[in-house]
Amino acid sequence: MGSYPRVRVQGDGRQVFSQAGSVLLVETVRKAGLDRVLSSALAPWRKPRAVHDPAKILLDVALAVALGGDCLADIATLRAEPAVFGPVASDPTVSRLIDTLAASSEKALTAIRAARSEVRVRVWTLARDRAPDAGGQVTVDLDGVLVIAHSDKQDAAPTWKKTYGHHPLMGFVDHGPGGTGEPVASLLRAGNAGSNTAADHIEAARLSLAQLPTKYRRGRQTLIRCDSAGGTHEFVAWLAQRGRWLSYSVGMVITEAIHQHVLKIPASAWTPAVETGGEVRDGAWVAELTGDLLEGWPKGMRLIVRKERPHPGAQLRITDADGMRITCFATNTAGRPIAELELRHRLRARAEDRIRAARATGLRNLPLHDTAQNKVWLEIVQIALDLLAWMPMLALTGQTRLWEPRRLRFRLFSAAAQLVTTGRRRILRLARHWPWTREITDALARLALLPNPG
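If you want the numbering used here, it's the position in the sequence shown, counting the first as 1, plus 53.
Structure, rendered in structure tokens:
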């Protein structure tokens, strides 16, 4: 006998829904009011007597991407289930809408972003203590992403990693350890775009701040974090000009001047680094650099350096000192221990988790040819990532809130159900034996308790 039982397969099943868990995303759209707000924003692009609303088409593509799709044609997954997703546009209609929005350039992108920003305020209000602003401050991480192109697309070029494609600059809200982050900026750039281009970082920061509720644009309730690619005079100066309401924590390149100052720091000036929870990090220390190093930089900027004993076998860099791995960052936050500030900056590594989730949600490749079209695609990807962040925030509890997109798809969205029609009601009967049926039904119950928009 084989390891698996033999089953007879027939293609004559009826009223069976293979992606039943996706109703979680549909209900999230409804409770967040994203469909209504986006419909209003895209009203100028709806042609007279058009059958399909542009907002519904865009949302359908975003739902397909959230479920694992990576091209416009994957909307066919939704088209096969009209009882749950309603009328879904044909592939030519979808393509024409993308071309129409791309032809409008920044006007259409601005409308989509404004709709997302408006809905974000409502979602954070509904989520309360589970929203990323529950601690009184919002943290935005900026980071570049390399997207490989397998054909000659517009603005595709050799990258600094000797690959070929694009180099978008992304911004993500840090939800901390308690959830996945929402995307708040996507700046599509050519593959050979510089990592430390100040103008691009300024534009990405502007896009990110525009996505946040207005109240976080004062009183330093917003923190901008990025790696050493943002450690330029122009970008730090731009951040410092908004110092009354904006905090920053920006990585810095280890220059020869910084290297020499580190060698002169006395042993008594080093403070042990700490980990989350306050425990001391063995083999790592932090210190603050002062003096002429700060000349030419904005007033109030602090320069904090970390030295760490490298792991056995690790290769040292030319900027390391006395056998220690050296890193450095700048911040304008005062009144807090430097070890605490260094830990705060180091936690920007969570942005790599957000990038991994984005790659698994439509950012693995840019499926269209023109740059204007792929900019629209990036907005679709961000809507999908918004839904994948908002749904756990509003409906899931415990460890399920920490699940990344691939696990959500495998355990929740892929659940099968029987579609039963009784009178005017449609009922999805989830499989009783599915291990995560309870999580799905409980999540839907929590969404049902939320007030309807408007």
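We put the CB at the ideal spot given by N, CA and C, even for glycine.
This structure is a prediction, so every number in the text was calculated from the model and none was measured.
Need the endpoints of the alpha helix (DSSP H) that Asp17 sits in, please. This structure gives no information on residue 17, because the portion of the chain shown stretches from 54 to 507.
Sheet register partners of Asp194 (DSSP bridge): Phe225 and Arg278
Three-state secondary structure assigned by DSSP to Ser239: strand
From Ala392 to Pro325, what distance separates their C-alpha atoms? 7 Å
To the nearest angstrom, how far is the alpha carbon of Arg175 from that of Ala161? 22 Å
Roughly how many whole angstroms lie between the Cα atoms of Ala290 and Val429? 31 Å
Are the beta-carbon atoms of Leu481 and Phe70 separated by less than 8 Å? yes
Excluding the 5 residues flanking Ala322 on each side, which residues of the same chain have their C-beta closer than 6 Å to its C-beta? Ala340
For Met377, the three-state DSSP class (helix, strand or coil): strand
Gln452 burial status per 10 Å Cβ neighbour count (16 or more: buried): exposed
Buried/exposed call for Glu395, threshold 16 Cβ in 10 Å: buried
May I ask you to list the residues that DSSP assigns as paired with Met305? Cys381
Does the pairing of the region 373-387 with the region 75-85 give three or more beta-carbon distances under 8 Å? no
Own chain partners of Leu299 with C-beta closer than 7 Å, once the 5 adjacent residues on each side are dropped: Arg273, Thr275, Ile277 and Leu292
State the DSSP-derived secondary structure class of Gly361, mapped to helix, strand or coil. The displayed chain sequence assigns Glu, not Gly, to residue 361. Note: Glu361 maps to strand in three-state DSSP.
In the structure shown, what three-state DSSP assignment does Tyr217 receive? strand
Is the distance from the Cβ of Leu195 to the Cβ of Gly224 below 8 Å? yes
Other residues of its chain near Thr285: CB distance less than 6 Å, five sequence neighbours each side excluded: Asn249 and Ala251
For Ser204 and Trp489, what's the separation of their Cα atoms in angstroms? 40 Å
Can you tell which of Tyr301, Leu347, Leu78 and Glu328 has the C-alpha that lies nearest to the C-alpha of Ala310? Leu347
Among the residues of its own chain, which have a CB less than 7 Å from the CB of Ala404, if the five just before and after it don't count? Asp194, Asp196 and Phe225
State yes or no: is the C-beta of Ala411 within less than 8 Å of the C-beta of Leu438? yes
Hey, is the region 256-269 in contact with the region 155-172, meaning 3+ C-beta pairs nearer than 8 Å? yes
Neighbourhood of Ala129 by C-beta distance below 6 Å, restricted to the same chain and skipping five residues each side: none
Within the same chain, show all residues whose beta-carbon is closer than 7 Å to that of Ser92, passing over the 5 residues directly before and after it, in chain order. Asp106 and Ala108
Of the listed residues Lys215, Glu287, Leu421 and Pro458, nearest to Ala246 (C-alpha basis): Lys215
If you compare alpha carbons, which of Ser148, Glu134 and Ala136 is closest to Ile110? Ser148
According to DSSP, residues forming a beta bridge with Glu341: Ile357
Distance between beta carbons of Leu116 and Leu95, contact taken as under 8 Å: 16 Å between Cβ atoms; not a contact.
Starting from the C-beta of Arg401, find all residues in its chain whose C-beta is less than 6 Å away, skip the five residues before and the five after it, and write them out in chain order. Asp194 and Arg278
With DSSP as the reference, identify every bridge partner of Ile480, one or two as the case may be. Val473
What are the start and end residues of the beta strand (DSSP E) that includes Val327? Thr324 to Val327
For Trp98 and Ser157, what's the separation of their Cα atoms in angstroms? 9 Å
In terms of DSSP beta bridges, what is Leu299 paired with? Thr275
Rounded to whole angstroms, what is the Cα-Cα separation between Gly189 and Arg477? 46 Å
Where do the N-terminal and C-terminal ends of the alpha helix (DSSP H) with Phe288 fall, by residue? His286 to Gln294
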